[in-house]
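Novice:
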């Protein structure tokens, strides 16, 4: 009887821990920058995440978290500041991807009605950064159960992705003719008219 109770208590504790790990963190405004949010991320990451032009953030994926999407809205001056701060991150690779815009995010503007866009959900650029400990827990784990769960995932066994700045051109207040992209950034243009 005592063994059965101990087993049930252990199973409940593990279940509760898994439920906590599966939750997402979502917020509006500038994220609370602390030692836990960007622990282990390259130096300089917090100077991008903490910019006043931040309108919201969320963390995923389920079963581990650690992939932060910090979203911004602003004009050319605010965006140039974000680019300058991003270029100063201490990382061998800094990726910038240019997308068609605008981007509307369900987390910062609420779920849009079918066929309508909420102007408060507009995102002009987004900083994506992985907490290395979380990435390695998910994709480089020696845990047999996790390895089996992620066996078909294309990220399995890969290194932590480089810091990423997604830019959404169109529909916002950024005049991209006034933008100066620093030379140390790896830029990829994904816009449809460019391809």
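In the numbering used here, the protein residues as written are 7 to 201. From the three backbone atoms N, C-alpha and C, an ideal C-beta is built for every residue, glycine too. Please read all numbers here as calculations on a predicted model, not as lab measurements.
Does the stretch 129 to 139 come into contact with the stretch 106 to 113, if we say contact requires no fewer than three beta-carbon pairs (one atom in each stretch) closer than 8 Å?
Specialist: With the cut-off at 8 Å, the stretch 129 to 139 and the stretch 106 to 113 touch.
Novice: Which term fits residue 169, buried or exposed, when burial requires 16 or more other beta carbons within 10 angstroms of its beta carbon?
Specialist: It counts as buried.
Novice: Is DSSP giving residue 203 helix, strand or coil here?
Specialist: The structure shown does not extend to residue 203, since the chain spans only 7 to 201, so no value can be given for it.
Novice: Check this for me: beta carbons of residue 91 and residue 43, under 8 Å apart or not?
Specialist: Against a cut-off of 8 Å, the Cβ pair of residue 43 and residue 91 comes out as no contact.
Novice: Could you check where the alpha helix (DSSP H) with residue 140 kicks off and where it finishes?
Specialist: Where residue 140 is concerned, the enclosing alpha helix (DSSP H) stretches over 138 to 145.
Novice: Measuring CB to CB, does residue 137 end up less than 8 Å from residue 47?
Specialist: A contact, by the Cβ cut-off of 8 Å.
Novice: Around the Cβ of residue 194, are there at least 16 other Cβ atoms within 10 angstroms (buried) or fewer (exposed)?
Specialist: Exposed, since its Cβ has fewer than 16 Cβ neighbours within 10 Å.
Novice: What number of angstroms, rounded off, separates the C-alpha of residue 191 from the C-alpha of residue 77?
Specialist: Each residue's Cα considered, the two are about 19 Å apart.
Novice: Does the distance from the C-beta atom of residue 62 to that of residue 34 stay below 8 Å?
Specialist: Cβ atoms of residue 62 and residue 34: closer than 8 Å.
Novice: If I follow the unbroken beta strand (DSSP E) through residue 33, where does it start and stop?
Specialist: 31 to 34 is the extent of the beta strand (DSSP E) around residue 33.
Novice: With 16 as the cutoff for other CB atoms within 10 Å, does residue 183 come out buried or exposed?
Specialist: That one is exposed.
Novice: Mapping DSSP to helix, strand and coil, what is residue 28?
Specialist: Confidence in residue 28 is poor, its pLDDT being 48 and thus under 50, which makes the residue's placement too unreliable to answer from.
Novice: Could you tell me the boundaries of the alpha helix (DSSP H) in which residue 43 lies?
Specialist: Note, residue 43: premise wrong, no alpha helix (DSSP H); not H, not E.
Novice: Looking at residue 134 and residue 172, is the spacing between their C-beta atoms short of 8 Å?
Specialist: Going by C-beta atoms, residue 172 is nearer than 8 Å to residue 134.
Novice: Reducing DSSP to helix, strand and coil, say where residue 133 ends up.
Specialist: It is a strand residue.
Novice: Going straight from the alpha carbon of residue 68 to that of residue 160, what length do you get?
Specialist: Distance between the alpha carbons of residue 68 and residue 160: 16 Å.
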